[in-house]
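Just below is one structure, and these are the notes that go with it.
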Amino acid sequence: MPDAQELESYIRRKFAENVGLTEAELFSEDLTLSTLITRSERMTNSVDLMEAFARTSNGLRKDFGLRVRLPALSLDTPVSKVLAVFMGEVTNPERKSA
Numbered sequence: 064m065p066d067a068q069e070l071e072s073y074i075r076r077k078f079a080e081n082v083g084l085t086e087a088e089l090f091s092e093d094l095t096l097s098t099l100i101t102r103s104e105r106m107t108n109s110v111d112l113m114e115a116f117a118r119t120s121n122g123l124r125k126d127f128g129l130r131v132r133l134p135a136l137s138l139d140t141p142v143s144k145v146l147a148v149f150m151g152e153v154t155n156p157e158r159k160s161a
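Quick look at the structure:
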């Protein structure tokens, strides 16, 4: 089982890939989800954002056997909060089986 640092790195990398921005672009300014949609050439609306969350969650399940359920997040949520929610889910012992 990977440690928390490895999981955080994986989530950051996969989410950045899925939204079409670099990790630096995404996390250095702590973009809100609405700003992320505006800056990403791959995204036009919140449905695209939900698909990026789903692809990141599916990667965690496929690569590590970790199940992630994200709550509804408002568009003014910063990506640091999204990362914290992902980390809370992957470190939750009840979610470790896919």
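First residue of the sequence shown? That's 64 in this note's numbering, and the numbers climb one at a time after it. Glycine included, each C-beta is placed from N, C-alpha and C at the ideal position.
Among the options, nearest to residue i - alpha-carbon criterion
i: Ala117; options: Ala87, Ala135, Thr101; result: Ala135
i: Ser103; options: Val82, Ser91, Ser109; result: Val82
i: Thr95; options: Ser143, Phe149, Asn155, Thr154; result: Ser143
i: Met113; options: Asp93, Leu70, Gly128, Val145; result: Val145
According to DSSP, residues forming a beta bridge with residue i
i: Pro141; result: Thr95
Close-in-space but distant-in-sequence residues of the same chain around residue i (CB under 6 Å, 5 per side omitted)
i: Phe78; result: Thr119
i: Gly122; result: Lys77
Burial state of residue i (16 or more Cβ within 10 Å)
i: Ser160; result: Confidence is the limiting factor: at Ser160 the pLDDT is only 49, short of 50, which leaves the residue's position unreliable and the question unanswerable from this model.
i: Leu138; result: exposed
i: Met64; result: exposed
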